[in-house]
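Engineer:
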Amino acid sequence: MPVQLEQEPVLKTEVVDTTVVGLSRGKRSRPLFDPPIVRRAVIDSFRKLDPRVLVKNPVMFVVAVGALLTTLFLFQPHTKDLGFQIQIAIWLWFTVLFANFAEAMAEGRGKAQADALRKTKTEALAKKLVNGRTETVPASALRKGDVCVCYPNDLIPSDGTVVDGIASVDESVITGESAPVIREAGGDRSAVTGGTKVLSDFIKIEIVSNPGETFLDRMIALVEGAQRQKTPNEIALNIMIAGLTLIFLLACVTLAPFSKYSVTAAGAGAVPSVAVLVSLLVCLIPTTIGGLLSAIGIAGMDRVMQHNVLAMSGKAVEAAGDVNTLLLDKTGTITLGNRQAVAFIPANGVSETELADAAQLSSLADETPEGRSIVVFAKQKYGLRGREVGEHESEFVPFSAQTRMSGVNLDGRAIRKGATESIKNYVLEQGGHFPPEVAQTSESISRNGGTPLVVSVNARALGVIHLKDVVKGGMRDRFEQMRRMGIRTVMITGDNPLTAAAIASEAGVDDFLAQATPKDKLDLIRREQMNGRLVAMTGDGTNDAPALAQADVGVAMNTGTMAAKEAGNMVDLDSNPTKLIEIVAIGKQLLITRGALTTFSIANDVAKYFAIIPAMFTVTYPALGKLNIMGLHSPESAILAAVIFNALIIIALVPLALRGVTYRALSAGALLRRNLFIYGIGGVIAPFPGIWVIDRLLGILHLA
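Going by the numbering used here, the sequence shown wraps up at 818, each residue one higher than the last.
Spelled out as structure tokens, the structure:
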């Protein structure tokens, strides 16, 4: 049973948009080797030969310098084995180009998305309000703080906040969804995005971004990878492979004088050429992961974007993979969100029809999903049709956070509907009696995860409306997956503790926080972080902004306020709160992919030792011939086969780097054992047959 987290009890009731959204289906992604992307990547591979670009990748920079030295020594007079050295130089350049190609392919997918977004940017005209008059100006002339109006079929000229009116808006250019959304002044549904289209009614917008600083501009820059910064783990891995590169560089440099001494002392053999020494260096350093590391990080951001989530940085994606605690709103995330009326339970002496009639009358002006469900339920079960009360002496009483009640004064009757305690206090204040069976019914409904609303007429409590919030199918299994991954799930809700406990138990979350205020959320995140945990949460309102900013992974809903989107480090363009679970899986896949390919890269160097080292020194030291366990037919073919394999393995692993290693919800220990077995042992074994086959082909083709 989940445990209620310690907190100060705070009464909180809020109306939530409970639009039902499905689990993330992900955007339809481009083919892995889409021809336009491949063509662009091939061209970019040569552009990335710029030393100013290569120097950012120390491993590939060393390979490029080695390729350049090998090429320059080809023009040295009396060069021996010219054909062999030309082939070495060519394959060294291929190694650099293949690594550049992997990175360019990952970047190309983002650039293709950016190109599609640019097509949505049109130079719209804005109806700007100046001294109460409307002036038509170019959208580029708008500045932060300007106010403009939009009518049906108008493009919203820039990012803004609705300050007046309500309208349906087509956001398909941003989200890919054809269904329009409602944008209105006030609340958490007031933010609008430049480039979207007003379909109906009228809205007045206050501009919140200057030209070039809009949400769409930031999306384009981010998906292109222009602002992608290396994550802490990626930096640490770069330092490690740079250190290994330096160690092997020093070892290979010292081999030249050592070889010269050995040949002189033995009176036989030959000093290895620059091409051979460079080949040894390139095969010893972790070239594979050095060539794929950047592509893995960029591809991780691309996979998030395929799920229609905009990551503000690679760090956010990686942090998602290390998350220990997930904070999830109950409504719309764990549950379907629409609390539906499922029963009218009358007090003693009251008929169900009388209770249903009063419940329906009290809900006619209630535009919340709960209020509408009461009207519909009364009609379907009791045949009560919504009445026109305008002809009667009526006065609607709107919901208030202070009273926690709503209703209508109709023909001398004060009909009220609200929380149990609120109606109880109201009835007692009117001099009435609150039936004990109504209190017991309310408590029973709360214990079972429902929401009770009590209906009264004047000073008489008629009974209870049972509202039920339905847990989404499959949520318990998903939370069990999270638990196996070592992730703790916490449900956040404004419900009372009894209702929250029942929903938490049904859904299978680990903990819950009931009657949560913005401060409660922030305090919970800080407590988790003080205990060394990484926290992820979703939110859409201005009141969620502090918690989103504090969380290690803050996913803001695109339908939410600008404050929420600015505070989070990810924006879900589909506004689907359950997508946080997918984001965590993508983050873990990124980390697993990087770890798996690093393991493979270091492990496959073992086979290269057996190929190159005996080939270099077997003439000087014949005993080293026993290490030629693959039976490679000549020193030249052995060295060339190792270099070719070293280049081809990068291009062979590009699909894996872009797609990511298949992720399964396992514990960290199980994942480590699995990857060590597959990519560790596989990295040791794979080069042996690969180098052997290439050696045989070189012999058949008389290339070595």
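Heads up, the beta-carbon is just placed ideally off N, CA and C, and yes, glycines get one too.
Is the stretch 723-742 in contact with the stretch 770-786, if contact means three or more CB pairs nearer than 8 Å?
Structural biologist: Cβ pair count under 8 Å is below three, so no.
Engineer: Under DSSP, the alpha helix (DSSP H) around residue 160 begins and ends at which residues?
Structural biologist: Residues 149-161.
Engineer: With which residues is residue 282 paired in a DSSP beta bridge?
Structural biologist: In DSSP, residue 282 forms a bridge with 296.
Engineer: If residue 178 and residue 168 are in contact, beta carbons under 8 Å, what's the gap, nearest whole angstrom?
Structural biologist: Residue 178 to residue 168, Cβ: 5 Å. Contact.
Engineer: Out of 200, 183, 532, which has the shortest C-alpha to C-alpha gap to residue 518?
Structural biologist: Comparing Cα-Cα distances from residue 518 to each of 200, 183, 532, the minimum goes to 532.
Engineer: Which residue from 666, 558, 760 puts its Cα closest to that of residue 797?
Structural biologist: Out of 666, 558, 760, 760 has the C-alpha closest to the C-alpha of residue 797.
Engineer: Can you grab the Cα-Cα spacing for the pair residue 776 / residue 579, in whole Å?
Structural biologist: Looking at the two C-alpha atoms, the distance is approximately 48 Å.
Engineer: How far does the alpha helix (DSSP H) with residue 760 in it reach, from first residue to last?
Structural biologist: Looking at the DSSP string, the run of the alpha helix (DSSP H) that includes residue 760 is 749-773.
Engineer: What residue does the alpha helix (DSSP H) around residue 488 start on, and which one ends it?
Structural biologist: Unbroken alpha helix (DSSP H) run through residue 488: 483-496.
Engineer: Among 802, 769, 461, 456, which residue has its Cα nearest to the Cα of residue 755?
Structural biologist: Answer by Cα proximity: 802.
Engineer: Provide the residue(s) that pair with residue 508 in DSSP beta bridges, ordered along the chain.
Structural biologist: 524.
Engineer: In chain order, what residues of the same chain have a beta carbon less than 8 Å from the beta carbon of residue 385, not counting five sequence neighbours either side?
Structural biologist: Closer than 8 Å at the Cβ level, and outside the excluded window around residue 385, lie 370, 373, 374, 377.
Engineer: Near residue 549, which residues of its chain fall below 8 Å by C-beta distance, leaving aside the five closest residues on each side in sequence?
Structural biologist: 461, 462, 575, listed in sequence order.
Engineer: Give me the residue from 664, 434, 622, 617 with the minimum Cα distance to residue 822.
Structural biologist: In the structure displayed, the chain extends from 115 to 818; residue 822 sits before or after that span and is not available.
Engineer: Restricting to Cα atoms, I'd like to know which of 312, 269, 670, 619 is closest to residue 688.
Structural biologist: The shortest Cα separation from residue 688 among 312, 269, 670, 619 belongs to 670.
Engineer: I want to know whether the stretch 433-447 touches the stretch 467-481 - three or more CB-CB distances under 8 Å.
Structural biologist: With the cut-off at 8 Å, the stretch 433-447 and the stretch 467-481 do not touch.
Engineer: Within a Cβ cutoff of 6 Å, which residues of the same chain sit near residue 239, ignoring the five residues on either side of it in sequence?
Structural biologist: The residues are 250.
Engineer: Report the CB separation of residue 215 from residue 156 in whole angstroms; it is logged as a contact under 8 Å.
Structural biologist: Right, the Cβ-Cβ distance comes to about 7 Å (below 8 Å), so this counts as a contact.
Engineer: Give me the DSSP bridge partner(s) of residue 318.
Structural biologist: Bridge partners of residue 318: 263, 278.
Engineer: Please classify residue 340: is it buried, with 16 or more other beta-carbons within 10 angstroms of its beta-carbon, or exposed?
Structural biologist: The predicted model places residue 340 with a pLDDT of 42, which falls under 50 and marks its position as unreliable; any figure quoted below should be read in that light. Result: exposed.
Engineer: Residue 399 and residue 358: beta carbons closer than 8 Å?
Structural biologist: Cβ distance < 8 Å, so residue 399 and residue 358 count as in contact.
Engineer: Restricting to Cα atoms, I'd like to know which of 349, 413, 648 is closest to residue 221.
Structural biologist: The residue with the shortest Cα to Cα distance from residue 221 is 413.
Engineer: Is it buried or exposed for residue 654, if we count other Cβ within 10 angstroms and need 16 for buried?
Structural biologist: Flag for residue 654 reads buried.
Engineer: Which of helix, strand or coil does DSSP assign to residue 778?
Structural biologist: Note: residue 778 maps to coil in three-state DSSP.
Engineer: Would you kindly work out how many angstroms separate the C-alpha atoms of residue 661 and residue 468, rounded to a whole number?
Structural biologist: For residue 661 and residue 468, the distance between alpha carbons rounds to 45 Å.
Engineer: Answer yes if the stretch 315-325 comes into contact with the stretch 253-264, meaning at least three C-beta pairs across the two stretches below 8 Å, and no otherwise.
Structural biologist: With a cut-off of 8 Å, the stretch 315-325 and the stretch 253-264 count as touching, because enough Cβ pairs lie within range.
Engineer: Can you tell which of 765, 742, 790 has its C-alpha closest to the C-alpha of residue 809?
Structural biologist: Comparing Cα positions, the closest option is 742.
Engineer: Taking all protein chains shown into account, decide if residue 136 is buried (16 or more other Cβ within 10 angstroms of its Cβ) or exposed.
Structural biologist: With a pLDDT of only 29 at residue 136, under 50, the local geometry of the prediction cannot be trusted, and the value read off the model is given with reservation. Exposed is the call here.
Engineer: So, do the stretch 407-426 and the stretch 697-707 have three or more beta carbon pairs nearer to each other than 8 Å?
Structural biologist: A contact exists between the stretch 407-426 and the stretch 697-707.
Engineer: So, helix, strand or coil for residue 140, using DSSP?
Structural biologist: Only weak support exists for where residue 140 lies, its pLDDT of 38 falling under 50; the coordinates are left without a value.
Engineer: Any idea which residues DSSP pairs residue 829 with across the strands?
Structural biologist: Residue 829 cannot be examined here, being either before or after the span of the chain that is shown, 115 to 818.
Engineer: Tell me where the beta strand (DSSP E) around residue 684 begins and ends.
Structural biologist: Per DSSP, residue 684 belongs to the beta strand (DSSP E) from 684-686.
Engineer: When burial is assigned at 16 or more other CB atoms within 10 Å of the CB, is residue 561 buried or exposed?
Structural biologist: With fewer than 16 other Cβ atoms within 10 Å, it is exposed.
Engineer: Should residue 465 go down as buried or exposed, given a rule of 16 or more other Cβ atoms within 10 Å for buried?
Structural biologist: Under this definition residue 465 is an exposed residue.
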